[in-house]
Amino acid sequence: MPATVFTQDEVLTGEAVALDVQPLGFFLRAVGALIDVLLAIAVMMLLTFGAIWAVGQGLLPSSTSGILTVVVLVLGTVVLPATIETASHGRSLGKLAVGGRIVRVDGGAAGLRHALIRAGVGVFEIWLTFGVVAALAGVFTPRAQRLGDLTAGTASERTRLPPLPTGIPPLPPQLADWQRIADVGRMPERLARRCAQFVRQAPAMAPAARARQAQLLAAEVAPFVSPLPPVDPETLVRGAVAVRRDRELRALVLQDERLAALTSRAPRR
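When we follow the numbering used here, the leftmost residue of the sequence shown carries the number 52, and every step to the right adds one.
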């Protein structure tokens, strides 16, 4: 049985199911972390002013100033980020701004333990080193993971994905008979992608630009189409794209059917 290869953008769950997860890039992670750090600094400043006011008003003894400093630092660097991340299921203000979320490496939701580990390691790699260690770790890891992620077994995934491209329009009706005998398999992959992109974008193009682009593409497509149907350039391009799409889909379906048949006939141990 051939080995299964998983890409860096796939997450392997505990049931050995590969999930296509888009990791958040290094730059967006850095921007999100900066927003979270600024928020934590603002909260620590407010707590510090509150502690100074309480000591000045005699509500707290001046001897507790050292303890209060430690408490403020722990609240701002560990407790606050861990609490927000846990309560929001892996999303903080910075991650919300850049469209990211912290998850386990197997794709599951991160919990309090993961958040505390990340925040604890973050004291060293973000606060004590001004983010240098976190940046270096993010540059040299495939999914832009910092040391806290590697220790906790987490990663940052995209939650704001680009919209899927619109589907390719169906085969023009006048090419229904031509479809049965058409040969478009020699069309280069790059040219096929350009034609598919044109077919999707054609309705939004200006008429003159649309006709010009269709004529240019039809001139490139014609040598790879046999027989050549007597239609206008845009219909030729649309027809070639639709036939190629339908045949690739049919090939994938047949491949799945053969695989299912082989699997059902395999001897059981």
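Virtual Cβ for every residue (Gly too), placed ideally from N, Cα, C.
Small disclaimer: the values here were computed from a predicted structure and weren't measured.
Reduced DSSP secondary structure (H/G/I, E/B, other) of residue i
i	result
residue 255	helix
residue 206	strand
residue 156	coil
residue 150	coil
residue 284	helix
residue 215	Only weak support exists for where residue 215 lies, its pLDDT of 49 falling under 50; the value from the coordinates is given anyway. Coil at residue 215, not helix or strand.
residue 74	strand
Check whether residue i and residue j have beta carbons under 8 Å apart
i	j	result
residue 233	residue 172	no
residue 223	residue 289	yes
residue 188	residue 197	yes
residue 153	residue 141	yes
residue 87	residue 145	yes
residue 294	residue 250	no
Cβ neighbour criterion (16 or more within 10 Å) applied to residue i
i	result
residue 306	exposed
residue 1	This structure cannot settle anything about residue 1, because the visible part of the chain is limited to 52 through 320.
residue 304	exposed
residue 176	buried
residue 160	exposed
residue 80	buried
residue 221	exposed
residue 200	buried
Rounded Cβ spacing between residue i and residue j (contact assumed at less than 8 Å)
i	j	result
residue 272	residue 242	7 Å
residue 168	residue 203	4 Å
residue 127	residue 94	6 Å
Residue i: CB within 7 Å of a non-hydrogen atom of the ligand FAD
i	result
residue 149	Questions concerning the ligand FAD fall outside what the structure shown contains, since it holds no ligand whatsoever.
Check whether the segment 114 to 122 touches the segment 171 to 186, taking contact to mean three or more Cβ pairs, one atom from each stretch, closer than 8 Å. no
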